[in-house]
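Remarks on the structure that follows.
In the numbering used here, the protein residues as written are 21 to 732.
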């Protein structure tokens, strides 16, 4: 028996041509049974569900189709139906898995654009960085292309308040922002969450690491109790689990398989390059690459700008994107890269989020990333759309440990490569010219040039007049090639000699490190060297072991910020402002001491002028940080770096105050009136009226001075 196969009829009356434009045949109940000689089993080809199977409104399906999406990713296929059904969710998925669409599409489906006389905020998305806030807002706007009345606004630090306040006053439906700026607008009254029924925490683990946990709690306190929450995180540590348990109602837990290694289509290598030689190494790597386009990753914005400027100075078609680049300008740069008008893009990690350009065939890690996740994200920019890619990481001699950590995490051993020499660059350029020569020969119109060449390579006297001299021909061809590739002779020779000196220095340094390793290995185990340490005599009475519990500043620079206890700040708020505005990570921020009107912060990463300017203008609790390098306590005063009295050490062995003056006679001390003339000081009654001040009876113990707060 066989069954008739016919196109299925979908619920909206359309046939099955909606997936990839092809007709999908599925078995249905037959109208006619046709006998056959033998039963034939139907062949059922599994078909991946499309976006039209997820229950999205037609307007959102149309927007998705316009963007070229046909099949939802794993996180989208699971999260979208759950969110459309009104459930809270926790999604564990890495960057690049389609999280933004997973919450952005259901979020827009929940928005009622025409409710009320004026738009109100119905959805709030929190992101850890302003770059991600801009990216998410842009994505949601693209999903809302068929919803012209829906207004989306991104709010983040480092941008003017007034335009954001004006937009909030005019009315928006969706707000995407960083915790610090969202709280500022909430406290100023510009942002009201009374109608917000959809809240999203994107990259919650990163938010926690940057110190935004208390800010998130505060923002949730402004939102209605009846709300839907989606939490997305690359990992689910206990602290994130606690947030989910507190603020989510019976959430659906979704986990997408975590990538444990990098893309197989990307050839990964590294080179040991001293910092001062990095720019030269980069230009030679780019010059010998056959990639259509390349992306260079740096750790900081200032480094990206410096590297981009150096490449442009060397005649390379390059541009830079970082957090300082406006969104419209970023879009123009990416479009130039996509169209082929730009060959090299220099970017920071966060600025390159969501970058998807098929032309990128080479990724260079100018600075090796601190985390394996960042490495995976970086090299994932190449090897796309069925193409092969190449990734090269520059590792300074002192960063070998970081490289080993990344290799162990991604379970891939990177191949050490040699940086091309100037001679290699010239040879590569010449080979490319020679490869293009046959096509130029086929194009014709060479008569003029042939005659010029003949005049130069033929003999001019006697019987051999007009005969081509092979030596002259080879010399002329070589000279023309050298001119074509920019090899003028002396300069190229000097560059090659400099390269050879650098290589010799590198070999000598490696040999010295190997020698030190062997010397250390011959010293014996650590236990043999320090086994008698416990027999050392104890320290004398000046031992300051009572300070052992005090946290010491990390290596780096101590900065002073103009916010303190009186402003209600906490360490998390300071860390969030510094990382959000300065382009730093939580690991770059060390010890934080908060005092009454200011705080001291240790920052281990170097800061350039632009970062210092942004951090000075960053706001915490409504006040500018006004970050400056700390110069220490004023001369003649007690150091403010000392811990509170209760923390310093036990003073129980100190004699009581009544014993203090038994140590000497104070009778030779002059009377107070003899010490200095105070005649120029007005009487107390002339200074100000104190009759309204309460009597100081039953006041607190004065030994708590370190913890007391100002009376007004």
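Beta carbons are placed, not taken as given, at the ideal position from N, Cα and C, and that holds for glycine.
In the structure shown, residue 397 adopts helical secondary structure according to DSSP, grouped into three states.
For residue 494, the secondary structure class from DSSP, reduced to helix, strand or coil, is helix. Looking at 107, 79, 109, 121, the one whose alpha-carbon comes closest to that of residue 91 is 121. A contact is defined here as three or more CB-CB pairs under 8 Å, and the stretch 189-207 meets this definition with respect to the stretch 161-174.
DSSP places residue 253 in the strand class (E or B) of the three-state scheme. As computed with DSSP, residue 142 is found in no beta bridge at all.
With a cut-off of 8 Å on Cβ pairs, the stretch 109-118 is not in contact with the stretch 157-164, counting fewer than three such pairs. Note on geometry: alpha-carbon atoms of residue 353 and residue 342 lie some 11 Å from one another. A Cβ-Cβ contact shorter than 8 Å links residue 313 with residue 377. Straight through space, the alpha carbons of residue 446 and residue 507 are spaced by roughly 7 Å. Here the stretch 624-634 does not lie against the stretch 397-414, with fewer than 3 beta-carbon pairs under 8 Å apart.
Distance from the CA of residue 150 to the CA of residue 213, rounded to the nearest whole angstrom, comes to 20 Å.
Looking at the DSSP output, residue 248 sits in a beta bridge with 218.
Taking 8 Å as the cut-off, the beta carbon of residue 202 is found no closer than this to the beta carbon of residue 260. For residue 217, the CB contacts under 8 Å within the same chain, skipping 5 residues up- and downstream, are 130, 142, 143, 244, 246, 247, 248 in chain order. Within a 10 Å sphere around the beta-carbon of residue 75 sit fewer than 16 other beta-carbons, which makes this residue exposed. Distances from the CA of residue 272 to each of 85, 293, 250 were compared; the closest alpha carbon is that of 250. Ranking 311, 287, 258, 254 by CA distance to the CA of residue 275 puts 254 first. Sixteen is the threshold: since fewer than 16 other Cβ atoms of the shown chains lie within 10 Å of the Cβ of residue 588, the residue is exposed. With respect to residue 594, residue 612 sits close: the two C-beta atoms are nearer than 8 Å.
Around the beta carbon of residue 232, a 10 Å sphere encloses 16 or more other beta carbons of the protein chains shown; the residue is thus reported as buried. Segment contact: the stretch 577-584 against the stretch 644-653, three or more CB-CB distances shorter than 8 Å; contact assigned. Counting the other CB atoms within 10 Å of its CB gives residue 296 a total below 16, which places it among the exposed residues. Secondary structure note for residue 577: its beta strand (DSSP E) is the uninterrupted segment 577-581. When 326, 432, 362, 157 are compared, the shortest CA-CA separation from residue 289 is found for 432. With the rule of 3 Cβ pairs closer than 8 Å, the stretch 456-470 does not count as touching the stretch 437-444. If the five residues before and after residue 496 are omitted, its C-beta is found closer than 8 Å to the C-beta atoms of 473, 476, 477, all from its own chain and listed in chain order. Straight across, the Cα-Cα distance linking residue 293 with residue 417 is about 7 Å. Residues 644, 645, 646, 647, 648 of the same chain have their beta carbon placed closer than 8 Å to that of residue 636, with the five preceding and five following residues left out of the count. In the DSSP assignment, residue 598 falls within the alpha helix (DSSP H) that extends over 591-602. In the DSSP assignment, residue 110 falls within the beta strand (DSSP E) that extends over 109-112.
Just measuring C-alpha positions, the residue of 158, 450, 89, 320 sitting nearest residue 601 is 320. Bounds of the alpha helix (DSSP H) holding residue 302 are 298-307. Assignment of residue 388 by DSSP, reduced to helix, strand and coil, places it in the coil class. Using a 10 angstroms sphere on the CB of residue 626, the tally of other CB atoms stays under 16, which defines it as exposed. Looking at the backbone, the Cα of residue 609 and that of residue 136 are separated by about 46 Å.
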